[in-house]
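Going letter by letter, the sequence shown gives residues 218 to 728 in the numbering used here. Even for Gly, the Cβ is constructed at its ideal location relative to N, Cα and C.
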Amino acid sequence: MEGILYYLVLCAGAALLYALSLAVYRLFFHPLSGFPGPKIAAATQWYEAYFDLVKYPRGQFMFEIERMHQAYGPIVRINPHELHVKDPSWEKVLYVGYSEGVRDKYPPAAAMAGLPGDVFGTVSQELHSMRRRAFSSLLSRASIQQVQPILQDHLEVLCKKLRTDLNQGAVRLDYSILALTADTIGVYAFGESLGLLEDGVKARDWHRTNRTVGAMIPVIRLFPWSMPLALSLPTSLVRAFDVDVARVLELRHEMRRQAFNAVDEYSKPDKTAAQKDAWTSILGSKLPNEEKHPLRMADEAFTLIVAGGETTARAICLAIFHVLANKRSIMPRLQEELLSVMPEEMSAPELKPLERLPWLTAIVKETLRICHGLVAARLPLIAREAPLRYGEWHIPAGTPVSMSQCDTLYDPNIFPDPMKFDPSRWLPENPELQNLNQHYAPFGRGSRMCVGWNMAMAEMYMTIATIFRRFDLELYDTVRERDIDLVRDCFLQEPSFDAKGVGVQLVNTSA
């Protein structure tokens, strides 16, 4: 027993000595040791872990970063390895296109979703470019026109169900709008609806699954090994502890099953020409064979089905909230515009005419600005081949550097009164419009910008137009501070734990 105790003490002493030595190196000899920032953040990443995993309501490190900037200036060392810059003029230096400079993704940021095989989880710029090209035709502007009939059909189902539910009382939109966008991406990208629009229970479960994915991201970001470990466990065992996490794992396994089936079907010599979908986009691309492995394809599929529905649904709900919260000033002009392209209440929305409506376009743009594309997380990249400069600061090549979209889209020097929902700032008569557009990038910039932005925009235009053309709504039990505003960083923006979502009711409840 004494021998065991001796070795335990010896191991503890060695671990303590290593931790102290590492802290000394990071504080005084690390290439970033001269950059401003709190010493504790430079010494250990457990400082970040405290704010994101311990301090209530968790996901708080983004607010601590803001406090650091207030104390230390526009460039700050926020953890032992990473710098953060708060300066809108520098966005175009860090986030560049493929031809303008090499930008790898910082591996912990790439791993935060636990999907190393998808476009988002790709570290190297060269591999990212190859993987992204495989989806370029599926999610291009031209191809997105094929979404229109799918979305029109789903909007009919949604409106019929909403009419029935609204006639009975108030409705929480979060479930039904997510059902719409998830079923749409399911049919378009995989040829099969998730069946959420027809099943309210499944829609609520899917909503919980998506929220669980978000809640897991701060953990995976700090402990990248946690997702591979979870995937290796029997789903039945995980379900015994957390049914929502189990549903996430079940979805991962289902995507893997579908990927293996897709590869088998595609390899059959007598197969008929398959309709273009996510699987055939990858399998028919010029990617090397190892990039067409079913496990990697499953990672891409998981991202498409979750992110492709969740982010757009949130944006649509936020647009509906802000329009109804400012109904007197926004609705008359919106109704006038919609009447010009949808003369009948039951007119099917057409994307191109809707995109030409200046007030509807302004509402869409202002929604994406005020929710800055829904991304709360900072987005660190690495200039692998050459150092960067910020003012007097020389940033060594290979250093992870991040910026946050909210720092630009909430900058009062660019967007006066930034927390106010004001679509008029996007109208052609605004003399500052050109300057606003230069700083407007809710889907990101450069080679790493959101690959699905064309689809998101199409769904926003068509859904917002249809909802407000067919229903006269008002908010019900929805409070911006509780239900809407950003409180936590779970990669996407999250409101408070008490949030009830966007509730609406008919103005004339007897209609």
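Determine, using beta carbons only, whether residue i and residue j come nearer to each other than 8 Å.
| i | j | result |
| --- | --- | --- |
| V374 | T426 | no |
| T584 | E308 | no |
| A495 | R320 | no |
| P597 | S619 | yes |
| T339 | R350 | no |
| L414 | H371 | yes |
| I292 | Y627 | no |
| G254 | R294 | yes |
| A399 | L390 | no |
| A682 | Q369 | no |
| L184 | Y483 | In the structure as shown, the chain begins at 218 and stops at 728. Residue 184 is therefore absent and cannot be evaluated. |
| F519 | L332 | yes |
| V721 | Y693 | yes |
| L311 | F252 | no |
Could you tell me the alpha carbon to alpha carbon distance between residue i and residue j, rounded to whole angstroms?
| i | j | result |
| --- | --- | --- |
| M563 | R687 | 7 Å |
| P659 | Q622 | 7 Å |
| Q342 | P617 | 14 Å |
| Y657 | W643 | 11 Å |
| F714 | D702 | 12 Å |
| G663 | P435 | 25 Å |
| E567 | A532 | 20 Å |
| L446 | H510 | 21 Å |
| F477 | T680 | 34 Å |
| I394 | S354 | 26 Å |
| R438 | H298 | 14 Å |
| Y235 | Q277 | 29 Å |
| E649 | R243 | 45 Å |
| R573 | Y678 | 10 Å |
| H470 | G718 | 29 Å |
| M559 | L379 | 19 Å |
| S453 | V460 | 9 Å |
| Q475 | M636 | 43 Å |
| L723 | R358 | 35 Å |
| I367 | P570 | 18 Å |
| A614 | F440 | 25 Å |
| L450 | S443 | 11 Å |
| I684 | Q362 | 20 Å |
| P633 | S641 | 12 Å |
| W423 | P712 | 18 Å |
| N654 | V581 | 14 Å |
| K322 | S498 | 24 Å |
| A530 | V364 | 16 Å |
| R456 | E467 | 10 Å |
Excluding five sequence neighbours on each side, which residues of the same chain lie with their C-beta closer than 6 Å to the C-beta of residue i?
| i | result |
| --- | --- |
| E517 | D335 |
| I547 | V540 |
| W576 | R550, L551, E554 |
| L535 | T584, C588 |
| P324 | V340 |
| K544 | none |
| E170 | Residue 170 lies beyond the stretch modelled for the chain, which goes from 218 to 728, so this question has no answer here. |
Using C-beta distances below 8 Å, list every residue in its chain close to residue i, excluding the 5 sequence neighbours before and after it, in chain order.
| i | result |
| --- | --- |
| I402 | L521, I522, G525, G526, M672 |
List the DSSP bridge partners of residue i.
| i | result |
| --- | --- |
| R389 | G720 |
| P617 | I599 |
| L709 | V592, C707 |
| W442 | According to DSSP, which records beta bridges pairwise, W442 is partnered with nothing at all. |
| E691 | Q722 |
| H539 | Paired residues: none, contrary to the question. |
| W643 | Answer by DSSP bridge pairing: none, since W643 is not bridged. |
| W670 | Looking at the DSSP assignment, W670 forms no beta bridge with any residue, so it has no partner. |
| W610 | Y607 |
In chain order, what residues of the same chain have a beta carbon less than 7 Å from the beta carbon of residue i, not counting five sequence neighbours either side?
| i | result |
| --- | --- |
| P645 | P575 |
| A716 | R699, D700 |
| A594 | D706, F708 |
| S727 | In this prediction, S727 has a pLDDT of 46, which is less than 50 and means its spatial position is unreliable; what the coordinates show is noted afterwards. Once the five neighbours on either side are set aside, S727 has no close Cβ partner at all. |
| K419 | G412, L413 |
| R217 | Residue 217 cannot be examined here, being either before or after the span of the chain that is shown, 218 to 728. |
Hey, does residue i have any beta-carbon neighbour from chain C nearer than 8 Å?
| i | result |
| --- | --- |
| I295 | Considering every chain present, this structure includes no chain C. It has just one protein chain. |
Practice task
Let me know the alpha helix (DSSP H) ranges lying completely inside the stretch 573–606, each 4 residues or longer, listed in chain order.
Solution key: 575–587
Practice task
Return the chain-ordered ranges of every alpha helix (DSSP H) run that is complete within the stretch 233–321 and spans a minimum of 4 residues.
Solution key: 256–260, 263–266, 278–289, 308–311
Handout entry: Start-end ranges of the alpha helix (DSSP H) lying completely within the stretch 401–464, minimum 4 residues
Key = 417–439, 443–449, 452–458
Exercise for the section: At 4 residues or longer, and completely inside the stretch 355–390: list those alpha helix (DSSP H) runs for me, N to C. Expected result: 358–361, 364–383
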